[in-house]
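K.L.:
What the sequence shown shows, in the numbering used here, is residues 562 to 997, in sequence order.
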Amino acid sequence: MATWRTTSRDRPHRTAADAAGPESAALARAAAARGHQVHAATAEAAGREPAAKLAGQVIIDFTRPDRAVEQITAYARRHGVGAVLTVNEYLTELTSLVCAELGLPGNDPHFAHAARNKAAMARVLAEAGVRIPYTRLARGDGELHDALHDRQVGFPCAIKPAAGAGSAGVIVVTDLDEATPAANAARSAHPTDGGAGHAGIVVQAYAAGTEYSVESVTQDGATTHLAITRKATTSGPCRVETGHSLPVCLPSATEAAVHREVRTAIRAVGVRNGASHTEVVIDLAGRCTVIEIAARLGAGHIGILLQHALGIDVFAALLDVALGRPAALTPTARGHATVRFITSPRTGRLTSLSRLPEQGPGVPFVRWRAAVGDLVHAATANTDRLGCFVVTGSDADEVEERADALGRQIQVQVGPLPAVGGPGQAKPARTAAIAG
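1. With which residues is threonine 785 paired in a DSSP beta bridge?
2. Between threonine 647 and arginine 833, is the Cβ-Cβ spacing less than 9 angstroms?
3. Report the three-state DSSP secondary structure of arginine 697 (helix, strand or coil).
4. Using beta-carbon positions only, say whether threonine 790 and valine 775 come within less than 9 angstroms of one another.
5. Span of the alpha helix (DSSP H) holding lysine 679?
6. Is threonine 815 helix, strand or coil by DSSP?
7. So alanine 747 is in the alpha helix (DSSP H); what residue range does that whole segment cover?
8. I need the straight-line Cα distance from alanine 589 to threonine 656, nearest angstrom please.
9. Reducing DSSP to helix, strand and coil, say where aspartate 571 ends up.
10. Give me the Cβ distance between arginine 928 and cysteine 949, rounded to the nearest whole Å; I'm assuming they're in contact under 8 angstroms.
11. Taking only three categories from DSSP, how would you classify leucine 978?
12. Determine the DSSP secondary structure at isoleucine 852, reduced to helix, strand or coil.
13. Measuring CA to CA, which of Glu584, Cys799, Ala898 and Leu911 is closest to alanine 931?
14. Return the Cβ separation of phenylalanine 672 and valine 830 in integer angstroms, given the expectation that the two are a contact with Cβ distance under 8 angstroms.
15. Buried or exposed for arginine 712, please, with buried defined as at least 16 other CB atoms from any protein chain shown within 10 angstroms of its CB.
16. Which stretch, first to last residue, makes up the alpha helix (DSSP H) that contains aspartate 881?
17. Measure from the alpha carbon of leucine 871 to the alpha carbon of each residue in Ala894, Ile852 and Gly921, then state which is nearest.
18. Can you list, in chain order, the stretches of the beta strand (DSSP E) that have 3 or more residues and sit fully within the stretch 600 to 645?
19. Please go through the stretch 863 to 947 and give each complete alpha helix (DSSP H) segment of 4 or more residues, from N-terminal end onward.
20. Residues in its own chain within less than 7 angstroms of threonine 779 by CB, not counting five upstream and five downstream?
21. What are the boundary residues of the beta strand (DSSP E) that glycine 703 is part of?
22. So is threonine 696 buried or exposed if we call it buried at 16+ other beta carbons inside 10 Å?
23. Exposed or buried, which one is cysteine 718 when buried takes at least 16 other CB atoms within 10 Å?
24. In or out: arginine 946 buried (at least 16 other Cβ within 10 Å) or exposed?
25. Counting pairs of Cβ atoms below 8 angstroms between the stretch 796 to 809 and the stretch 762 to 770, do you hit three or more?
26. Thinking C-alpha only, which one of Leu890, Ser777 and Thr785 is nearest threonine 839?
27. Can you grab the Cα-Cα spacing for the pair glutamate 739 / alanine 699, in whole Å?
28. If you run the structure through DSSP and keep just helix, strand and coil, what is valine 731?
29. Rounding to the nearest angstrom, what Cα-Cα distance links threonine 904 and alanine 939 in this structure?
30. Please report the Cβ distance between alanine 766 and valine 714, rounded to the nearest whole angstrom; I am assuming they are in contact, meaning their Cβ atoms lie under 8 angstroms.
31. With 16 other CB atoms within 10 Å as the buried threshold, where does isoleucine 620 fall?
32. Along the beta strand (DSSP E) that carries glycine 804, what are the first and last residues, could you check?
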């Protein structure tokens with residue numbers, strides 16, 4: 562399913578529904594809890610019970626964006642829709658076009674492409690004066706050769722799909738021998754929606770430092786930064802995120818510099834009404850480099866972390882932004898929250914998964930998407946995660962220590978793959994629940 566939500570100005574109407582992702586489910590529940598009817602624009606009819614009872618849905622071919630805009634706007638007008646929003650990375654540009662057609666609060670459709678395509682993003686951010694890694698677009702082997710021999714790129718460098726998400730196809734290479742297979746992997750990493758799979762790849766100078774993200778909400782062009790999030794990732798060529806922790810307290814001068822760069826980036830990609838998730842690297846000198854920006858709420862349960870650590874109901878806030886109502890973005894709590902993702906040590910058949918954390922005090926959220934017998938993969942993208950758990954509390958050090966202890970207890974056993982077509986053929990694990 563793809564994600565969409567809408568609401569009417571006179572009576573509470575909200576379309577939405579992406580049963581495939583936890584952020585979409587949370588947004589649908591928030592809409593229903595506030596008395597809004599929930600509609601869905603989706604690629605296929607719901608195959609299981611959605612997060613909220615749907616008042617209606619429209620089936621859309623998202624690989625034809627122009628036609629999709631026509632279908633969604635026609636549906637919205639028939640049903641008196643008064644707000645449209647998405648938490649799906651691949652639908653942010655389409656959402657901006659729909660909002661513009663309907664005259665609803667949304668992002669600037671003329672710049673929304675730059676929040677989806679990393680080559681366009683690098684261009685507009687550089688033009689706005691944002692500090693970013695040097696970036697080259699490579700649409701073919703000739704441009705790839707030129708980019709890899711550009712001294713401003715150098716090694717190590719990152720190769721990634723121009724229109725990808727979820728770390729799929731993102732590979733850090735250290736020399737020319739690694740570049741061709743990395744480029745092939747980036748080219749084969751296609752987005753799940755929107756038909757943007759042939760936008761080429763980008764080659765980007767490597768930014769050394771500590772990785773963070775900045776979670777922000779913009780309304781009528783005014784941005785509020787909710788939190789800075791520390792990101793934990795795997796090492797090696799594929800940098801899959803294994804955890805998020807927030808809020809992070811940086812030195813005041815560093816924080817001010819980060820917020821300044823991020824605010825400029827948000828304006829540059831046309832975010833006017835909605836959430837944004839900006840990934841940055843801070844080096845040893847305290848300099849901030851913006852890696853990329855998404856015109857959506859950060860995935861990986863960042864919304865849950867904001868609720869538990871800071872008391873900000875970001876899902877309700879996004880609904881208010883889409884309705885043109887004042888959004889409640891002031892923290893009402895001073896806590897700490899972290900999410901840890903569990904990955905497989907290798908590709909194979911999952912034979913045992915034990916000693917998992919249980920939901921309870923200080924552990925408000927646990928989700929597992931893998932079961933014994935599933936085909937699992939060594940993590941090369943966020944969709945390869947086996948599950949996750951959230952730990953919360955008033956003291957940051959205690960929360961991190963408890964999360965580390967719970968993570969060490971988890972035991973994952975993976976056996977070899979069965980013979981192709983033979984008995985006991987492994988079935989692939991579901992991929993949608995822990996993406997982002």
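Note that beta-carbon positions come from the ideal geometry of N, C-alpha and C, so glycine has one too.
P.N.:
Reading from the atomic positions:
1. Val778
2. no
3. strand
4. yes
5. 679 to 688
6. Threonine 815 carries a helical assignment under DSSP once its states are collapsed to helix, strand and coil.
7. 737 to 749
8. 16 angstroms
9. Its pLDDT being 45, under 50, aspartate 571 is placed unreliably by the model, and the measurement read from it follows with that caveat. Aspartate 571: coil per DSSP, three-state reduction.
10. 6 angstroms
11. coil
12. strand
13. Leu911
14. 6 angstroms
15. With fewer than 16 other Cβ atoms within 10 Å, it is exposed.
16. 875 to 884
17. Ala894
18. Qualifying beta strand (DSSP E) stretches, in chain order: 615 to 620.
19. 863 to 871 and 875 to 884
20. Within the same chain, and ignoring the five residues on either side of threonine 779 in sequence, the residues whose Cβ sits closer than 7 angstroms to its Cβ are Ile827, Val832, Arg833, Asn834, Gly835 and Ser837.
21. From DSSP, glycine 703 is part of no beta strand (DSSP E) but of the alpha helix (DSSP H) over 702 to 709.
22. buried
23. It counts as buried.
24. buried
25. Contact fails between the stretch 796 to 809 and the stretch 762 to 770, because fewer than three Cβ pairs, one in each stretch, are under 8 angstroms apart.
26. Ser777
27. 16 angstroms
28. coil
29. Each residue's CA atom was taken as its position, placing threonine 904 and alanine 939 some 7 angstroms apart.
30. Rounded, the Cβ-Cβ distance is 5 angstroms, consistent with contact.
31. exposed
32. 802 to 807
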